[in-house]
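Visitor: Can you read through this structure? Questions will come right after.
2 protein chains.
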Amino acid sequence: MNYTEAKDKFIQTWGSLGTLWGINKAMAQIHALLLISPEPLSMEDVMEELHISRGNTSMNLRQLIDWGIVYKTSKAGERKEYFASEKDVHELTKQIARERSRREIQPTLKILKEVSSIDEDGSAKTKELIKQTKALHELAETADSIMNRLVNQESNWITKTFMKLIK
Amino acid sequence: MNYTEAKDKFIQTWGSLGTLWGINKAMAQIHALLLISPEPLSMEDVMEELHISRGNTSMNLRQLIDWGIVYKTSKAGERKEYFASEKDVHELTKQIARERSRREIQPTLKILKEVSSIDEDGSAKTKELIKQTKALHELAETADSIMNRLVNQESNWITKTFMKLIK
DNA sequence: TTAAACTTTCAAAAATTATTGAAAGTTTAT
DNA sequence: ATAAACTTTCAATAATTTTTGAAAGTTTAA
Chain A
1 MNYTEAKDKF IQTWGSLGTL WGINKAMAQI HALLLISPEP LSMEDVMEEL HISRGNTSMN
61 LRQLIDWGIV YKTSKAGERK EYFASEKDVH ELTKQIARER SRREIQPTLK ILKEVSSIDE
121 DGSAKTKELI KQTKALHELA ETADSIMNRL VNQESNWITK TFMKLIK
Chain B
1 MNYTEAKDKF IQTWGSLGTL WGINKAMAQI HALLLISPEP LSMEDVMEEL HISRGNTSMN
61 LRQLIDWGIV YKTSKAGERK EYFASEKDVH ELTKQIARER SRREIQPTLK ILKEVSSIDE
121 DGSAKTKELI KQTKALHELA ETADSIMNRL VNQESNWITK TFMKLIK
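Just so you know, the sequences run in chain order A and B. Residues in the first sequence are numbered from 1 upward in steps of one, following UniProt numbering. Residues in the second sequence are numbered from 1 upward in steps of one, following UniProt numbering.
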């Protein structure tokens, strides 16, 4: 496998993996491309490399920036903007954890709280609803704590800590 | 909020959350419904409760069974099959971790290995590709170890262990 | 063996999501 | 102030994914 094959395979794989996790293909592929690019890329560069339109590129770059994992940079004397990915995979993990917590876990916790707080009326179905949503609430809270922990630690904490647990 | 409102809200929320994580809405909703149902439900029950077609119900129940989080049961003297969810949220977590590891992490690891093993040719782009895919490989391996750990421990390990980390 | 009760399959339709591209918007240099 | 260089927006279109429903398949009882 040569460089080009490897690069394409990586971008392709990252794209499908993204899809599997609810991230659109273009967004995942742009991210993959920036992650392995030694230099920041312009919008033109991204469009050419991935064969996607200007509009698509613009929107997905924006989303990546919103997620806090891609940055805008500019080259001295150039008008265009250049884009670079966060390169440290631990930083990346932290940032994604932070965002998923904020966007998904927090709102879910709120709803699980509401649902599990309905009045107990003695019926089996109400009991079960309360019991299960409480259990999920507890689980989600634990997951959230872990994520917040990750977010507030230095990069290598993740690996170090888990390695201790694993061996 | 009464029982019916709470139930609908929970099913609705679980459905959207599923969508966000690449799980189709019907599948997530069927799972939610079974999770809070004190009794196993027939296909008819599920169809009526969620207003989805027979075909859709059948296919998604099958997928849930493939994921190992829903079981078929039968009632004595009855022809129909009944379906029940795994109720223990820790078991559920373990089973989902097991499947995601098998279906997603393992294949990704394999490709990251291949890609990161291309010949170093001294160019900056090859260097970066190798460096970043190696880093991702290491990260994915760590994630996989954690998941395997989860899978092989008793239900409460998750909470207990993480609680120690968190406080 | 037949038929009723039930489940699965799958091609077609519907719904959703992603993508395009051109017009509108913005920024910067002169 | 103008225009070139560049980016963003968004309505239209395309692609993908989900859902339907009826036919085919299966199982069980008699």
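The beta-carbon is built from N, C-alpha and C at its ideal position, and this holds for glycine as well. Note that the structure is predicted; figures quoted are calculated from it, not measured.
How far does the beta strand (DSSP E) with Ser74 of chain B in it reach, from first residue to last?
Guide: 70–74
Visitor: If we define contact as Cβ-Cβ less than 8 Å, is Trp21 of chain B a contact residue for chain A?
Guide: Using beta-carbon distances, Trp21 of chain B counts as an interface residue toward chain A, with a partner under 8 Å.
Visitor: Buried or exposed, going by whether 16 or more other CB atoms sit within 10 Å of the CB of Glu5 of chain B?
Guide: exposed
Visitor: Does the Cβ-Cβ distance between Ser116 of chain A and Thr133 of chain A come in under 8 Å?
Guide: Yes, the pair counts as a contact, with Cβ atoms nearer than the cut-off.
Visitor: Do we get a CB-CB distance below 8 Å when we pair Phe10 of chain B with the residues of chain A?
Guide: Yes, contact with chain A.
Visitor: Is it buried or exposed for Glu120 of chain A, if we count other Cβ within 10 angstroms and need 16 for buried?
Guide: exposed
Visitor: Is the segment 108–115 of chain B in contact with the segment 3–18 of chain A, if contact means three or more CB pairs nearer than 8 Å?
Guide: yes
Visitor: Can you pull the chain A neighbours of Glu128 of chain B, defined as C-beta to C-beta under 8 Å?
Guide: The contacting residues are Ile36, Ser37, Pro38.
Visitor: Can you list, in chain order, the residues of the segment 111–123 of chain B whose Cβ is nearer than 9 Å to any Cβ on chain A?
Guide: So the close ones are Ile111, Leu112, Glu114, Val115, Ser116, Ser117, Ile118, Asp119, Asp121, Ser123.
Visitor: Would you grab the beta carbon distance between Ala135 of chain A and Val89 of chain B for me? Rounded to a whole angstrom, and I think it's under 8 Å.
Guide: 5 Å
Visitor: Given this structure, state the Cα-to-Cα distance separating Arg79 of chain A from Lys131 of chain B, to the nearest angstrom.
Guide: 31 Å
Visitor: Give me the residue from A:Lys125, A:Ser58, A:Arg149 with the minimum Cα distance to Ser101 of chain A.
Guide: A:Arg149
Visitor: How would you list, in chain order, the residues of chain B whose beta-carbon sits under 7 Å from the beta-carbon of Lys7 of chain A?
Guide: Leu129
Visitor: Rounded to whole angstroms, how far is the Cβ of Thr108 of chain A from the Cβ of Thr13 of chain B, which I believe are closer than 8 Å?
Guide: 7 Å
Visitor: Buried or exposed for residue 168 of chain A, please, with buried defined as at least 16 other CB atoms from any protein chain shown within 10 angstroms of its CB.
Guide: There is no way to answer for residue 168 of chain A, as the model of chain A reaches only from 1 to 167.
Visitor: For Ala84 of chain A, list the residues DSSP reports as bridge partners.
Guide: A:Tyr71
Visitor: Quick one: does Lys72 of chain B have its CB under 8 Å from some CB of chain A?
Guide: no
Visitor: Residues bridged to Ser16 of chain B by DSSP?
Guide: Beta-bridge pairing links Ser16 of chain B to no other residue.
Visitor: Taking the alpha helix (DSSP H) that Arg79 of chain B falls in, what are its first and last residues?
Guide: Run containing Arg79 of chain B: none; DSSP gives neither H nor E here.
Visitor: Tell me whether Ser37 of chain A sits in a helix, a strand or coil according to DSSP, three-state version.
Guide: Ser37 of chain A falls in the coil class under three-state DSSP.
Visitor: Name the residue from A:Glu104, A:Gly22, A:Ile30 whose alpha carbon lies nearest to the alpha carbon of His51 of chain A.
Guide: When only C-alpha atoms are compared, the closest one is A:Ile30.
Visitor: Does DSSP classify Ile166 of chain A as helix, strand or coil?
Guide: Residue placement at Ile166 of chain A cannot be trusted, given a pLDDT of 49 that sits under 50; the coordinates are not used to answer.
Visitor: Quick check on Lys94 of chain B: buried or exposed, where buried means 16 or more other Cβ atoms within 10 Å of its Cβ?
Guide: By the 10 Å Cβ count, Lys94 of chain B comes out buried.
Visitor: Across which residues does DSSP place Ser42 of chain A in a beta bridge pair?
Guide: A:Tyr82
Visitor: Does the Cβ-Cβ distance between Ala32 of chain B and Gly15 of chain B come in under 8 Å?
Guide: yes
Visitor: Would you decide whether Asn152 of chain B is buried or exposed? Buried here means 16 or more other CB atoms lie within 10 Å of its CB.
Guide: exposed
Visitor: So is Gln95 of chain B in contact with chain A if we call contact Cβ pairs under 8 Å?
Guide: No, no contact with chain A.
Visitor: Is the CB-CB distance between Leu20 of chain A and Gly22 of chain B below 8 Å?
Guide: The answer is yes: Cβ separation under 8 Å.
Visitor: Within the same chain, show all residues whose beta-carbon is closer than 6 Å to that of Asn60 of chain A, passing over the 5 residues directly before and after it, in chain order.
Guide: Ala26, Met27, Ile30
Visitor: Report, in whole angstroms, the separation of the C-beta atoms of Glu104 of chain A and Leu17 of chain B, which I expect to be a contact under 8 Å.
Guide: 7 Å
Visitor: Quick check on Ala135 of chain A - is its C-beta less than 8 Å from some C-beta in chain B?
Guide: yes
Visitor: Quick one: list the residues of chain A neighbouring Asn56 of chain B, beta-carbon separation under 9 Å, in chain order.
Guide: The contacting residues do not exist; Asn56 of chain B stays about 20 Å from chain A at best.
Visitor: Take Met1 of chain B as the anchor and find which of A:Asn24, A:Leu129, A:Met147 has the nearest alpha-carbon.
Guide: A:Leu129
Visitor: Under the three-state reduction of DSSP, which class applies to Met1 of chain A: helix, strand or coil?
Guide: coil
Visitor: Around the C-beta of Ser37 of chain B, are 16 or more other C-beta atoms found within 10 angstroms, so that it is buried, or is it exposed?
Guide: Classification for Ser37 of chain B: buried.
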